[in-house]
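A quick write-up on the structure given underneath.
In UniProt numbering, the protein residues as written are 1 to 321.
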């Protein structure tokens, strides 16, 4: 989890340097992109492309399925570059859809993001949020905001605006097991920090609807229970839409995947989980930012030291006659 973001009065871009410079570049580039028009759930170019292939667009087709459709279309029409096999050469249909003469095949899924109405506040506003009026809200405000320097940009957002369930947002409030264990050292602030955050746990093997080995869950409370001996207690985490309380030792210490975030978004969309508002995400990000950044930095330095030690050992072995 190499990039962290701050927030000020709305969802704001950080001013510190290291992990986020690539993200800031992407945000600026988004502000210059051409406005995409939509017809229901998808962009007009996407809907027209799918309809030209005989696909039913009355119901939303997922990005994964559309990616598969495009890959099959590329194969059937022999659009793979003759030399650079990882690139696709656009025909008239793909040029109308993506506006590119050629593109990397592995980027199809990412290129489709801007063609979904549900992602528009994430891509067009340079910030990550969404609302009930997903296609119309703040259209005039967006044009004004791009004229303001990026680091000073600040929008007044209704408290009813929902936070988008996307990796860049969830990373701001995602806690790995080792970080939760660090936070546990301060019992007075522990509950305040973890409640509202997201953790990653193993999926129930009996849940046939769950395709991923792990899933993201939001912490909604804590619970003290007797420990392994009579003198100690253990803190368990109460998580949303999960019957059993979670032991901290069973939390994942790895990054979550995009598929797991998509699963979280779908469960929220289906009403199985409560959707966080922009204000809730903003407040939790402000509380956790320092702890998440320090935790990331310590791990990166430890990894760097291992690489240095490994290089030194290898160098000594090469010098030994």
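The beta-carbon is built from N, C-alpha and C at its ideal position, and this holds for glycine as well.
Counting other Cβ atoms within 10 Å of its Cβ, residue 167 reaches 16 or more and is therefore classed as buried.
Per DSSP, residue 180 is one residue of the alpha helix (DSSP H) stretching across 177 to 183. About 5 Å separates the beta carbon of residue 216 from that of residue 198, a gap short enough to meet the 8 Å contact definition.
The DSSP assignment places complete alpha helix (DSSP H) segments of no fewer than 4 residues inside the UniProt domain "DM2" (35 to 118) at 44 to 52, 63 to 76, 92 to 98, 108 to 111, in order along the chain. Here residue 235 carries a strand assignment [DSSP, helix/strand/coil]. Just so you know, the alpha carbons of residue 100 and residue 171 end up roughly 30 Å apart. Look at the beta carbons and you see the segment 186 to 200 not touching the segment 309 to 316: under three pairs across the two are nearer than 8 Å. Assignment of beta-bridge partners to residue 226 by DSSP yields 233. Two segments are said to touch when three or more pairs of C-beta atoms, one from each, lie closer than 8 Å; by this definition the segment 185 to 199 does not touch the segment 299 to 306. Note on geometry: alpha-carbon atoms of residue 258 and residue 63 lie some 12 Å from one another. The DSSP-derived three-state label of residue 202 is strand. Using a Cβ distance threshold of 9 Å, residue 88 and residue 74 count as a contacting pair.
Closest option to residue 223, judged by alpha-carbon separation, among 191, 280, 110, 273: 191. The beta carbon of residue 267 is closer than 6 Å to those of 273 in its chain, skipping five residues each way along the sequence. Taking 8 Å as the upper bound for CB-CB distance, residue 90 and residue 82 are not in contact here, some 14 Å apart. The C-beta separation of residue 42 from residue 115 comes to about 6 Å, placing the pair in contact by the 8 Å criterion. Beta-bridge annotation (DSSP): residue 208 is not paired with any residue. DSSP places residue 221 within a strand segment (E or B) once states are collapsed to three. The closest CA to that of residue 175, considering only 319, 213, 48, 293, is found on 293.
Bridge partners of residue 216 according to DSSP: 200.
Residue 35 has its alpha-carbon roughly 42 Å from the corresponding atom of residue 301.
Remark: C-beta atoms of residue 214 and residue 252 approach each other more closely than 9 Å. Exclusion of the five residues before and after residue 98 leaves 111 as the residues of its chain whose Cβ lies within less than 6 Å of its Cβ.
Between residue 221 and residue 237, the CB-CB gap stays under 9 Å. Taking 3 residues as the shortest admissible run, the segment 255 to 296 contains no complete beta strand (DSSP E) segment at all.
Between residue 181 and residue 287, the C-beta gap is not smaller than 9 Å, which leaves the two residues out of contact. Between residue 263 and residue 206, the gap from beta carbon to beta carbon reaches 9 Å or more. In the DSSP assignment, residue 319 forms no beta bridge with any residue. Between residue 185 and the set 291, 244, 96, the nearest pair of CA atoms involves 291.
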